[in-house]
Amino acid sequence: MLRKLITQIIIKPISFTKKLWLDIFIWRLSTKHNIDIQGQLNLNGIPMIDIWEKCQLIIDDGVVLNSRNKGYHINMHSPVKLLADSAGAVIKIGSNTRIHGTCIHANQSIKIGKNCLIAANCHIFDNNGHDISFPLVANRVNTKGKSIPVEIKDNVWIGANSIILPGVTIGEGSVISANSVVNIDIPAMVVAGGNPAIIIKKQNKNE
Numbered sequence: 008m009l010r011k012l013i014t015q016i017i018i019k020p021i022s023f024t025k026k027l028w029l030d031i032f033i034w035r036l037s038t039k040h041n042i043d044i045q046g047q048l049n050l051n052g053i054p055m056i057d058i059w060e061k062c063q064l065i066i067d068d069g070v071v072l073n074s075r076n077k078g079y080h081i082n083m084h085s086p087v088k089l090l091a092d093s094a095g096a097v098i099k100i101g102s103n104t105r106i107h108g109t110c111i112h113a114n115q116s117i118k119i120g121k122n123c124l125i126a127a128n129c130h131i132f133d134n135n136g137h138d139i140s141f142p143l144v145a146n147r148v149n150t151k152g153k154s155i156p157v158e159i160k161d162n163v164w165i166g167a168n169s170i171i172l173p174g175v176t177i178g179e180g181s182v183i184s185a186n187s188v189v190n191i192d193i194p195a196m197v198v199a200g201g202n203p204a205i206i207i208k209k210q211n212k213n214e
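Counting from 8, one number per residue, gives the positions in the sequence shown under the working numbering.
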């Protein structure tokens with residue numbers, strides 16, 4: 008074991024240092040009382056994880072958080088960002104889900120199922136940030152907006168540059184095409200896309 012470790016340090020010092028830094032980062036996360044890492048967390052690059060007091064982050068086994076542009080099949084504009092910043096807010100990520108360069112911002116609840124694929128540059132949030140405030144638009148800057156939980160069921164694939172808006176549920180196995188804005192619930196086993204997103208294709212049970 009020691010000989011193998013020394014060999015790694017000598018032959019691949021940069022790779023060893025990166026892995027060590029990622030291991031330390033994961034260990035530091037696991038020591039926080041409001042972050043629950045339930046198994047192996049796989050990091051590629053360093054994500055931005057900001058979980059405030061009285062908020063919670065739950066990450067199941069085998070989750071991949073990819074924040075590294077190199078080697079990714081499209082251009083990734085920023086690292087993975089997980090933010091929960093209102094008392095009681097929860098982000099839950101199911102086992103074996105892969106998230107690439109995406110922002111997930113919970114004021115109340117965002118739940119992502121297992122075996123999901125979320126491509127780069129997506130935004131998933133349960134609060135719009137401000138109310139529309141018609142007709143008293145001068146008050147808009149002082150509003151926070153209403154939080155409505157978001158749920159992404161198991162085996163969902165969300166294409167790059169998509170936005171999932173507050174209150175949306177995406178059914179199991181569905182696909183959201185790239186560059187979509189989803190503001191309605193999407194049933195299971197369909198392909199949806201567009202701005203606003205509509206159902207493009209339903210499962211052919213003969214396939």
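We treat Cβ as the ideally placed atom computed from N, Cα and C, and that holds for glycine.
Every value quoted in this text rests on a predicted model; they were computed, and no experiment measured them.
The Cβ atoms of K121 and D92 lie no closer than 9 Å to each other. By alpha-carbon distance to N190, the top candidate from A204, I56, E60 is A204. The three-state reading of DSSP puts S116 in strand, counting E and B together. A residue is called buried once 16 or more other Cβ atoms fall within 10 Å of its Cβ, and H80, having fewer, is exposed.
Close CB contacts of L50 within its chain, under the 6 Å cut and outside five residues either way in sequence, are with L29, L72 (chain order). Straight across, the Cα-Cα distance linking A195 with L172 is about 18 Å. C-alpha of R105 to C-alpha of F141: approximately 39 Å in a straight line. Around the CB of S37, fewer than 16 other CB atoms lie within 10 Å, so the residue is classed as exposed. Closest in C-alpha terms to I117, from the list V148, I66, I159, comes I159.
Every unbroken stretch of the beta strand (DSSP E) spanning 3 or more residues and falling wholly within the segment 130–209 is given here in chain order: 130–132, 157–159, 197–200, 205–209. Excluding sequence positions up to five before and after I165, its CB lies within less than 6 Å of the CB of I125, C129, I183, all in the same chain and listed in chain order. Measuring C-alpha to C-alpha distances from N186 to each of G152, A199, V163, L64 identifies A199 as the nearest. Note on geometry: alpha-carbon atoms of Q63 and N82 lie some 30 Å from one another.
In the displayed model, R35 falls within a helix according to three-state DSSP. For I42, the enclosing beta strand (DSSP E) begins and ends at 42–45.
Beta-carbon to beta-carbon, G52 and G69 are separated by about 18 Å, too far to satisfy the 8 Å threshold.
Every beta strand (DSSP E) of 3 residues or more that sits fully in the segment 57–97 is shown, in chain order, as 63–67, 70–73, 88–91. When C-alpha distances from D57 are compared across N76, G78, D67, R35, the shortest belongs to R35.
Out of V87, L27, G180, D133, the CA that lies nearest to the CA of I155 is found in D133.
Under DSSP, K99 shares a beta bridge with I65, K118.
Taken atom to atom, the span from the alpha-carbon of H40 to that of I66 is near 13 Å.
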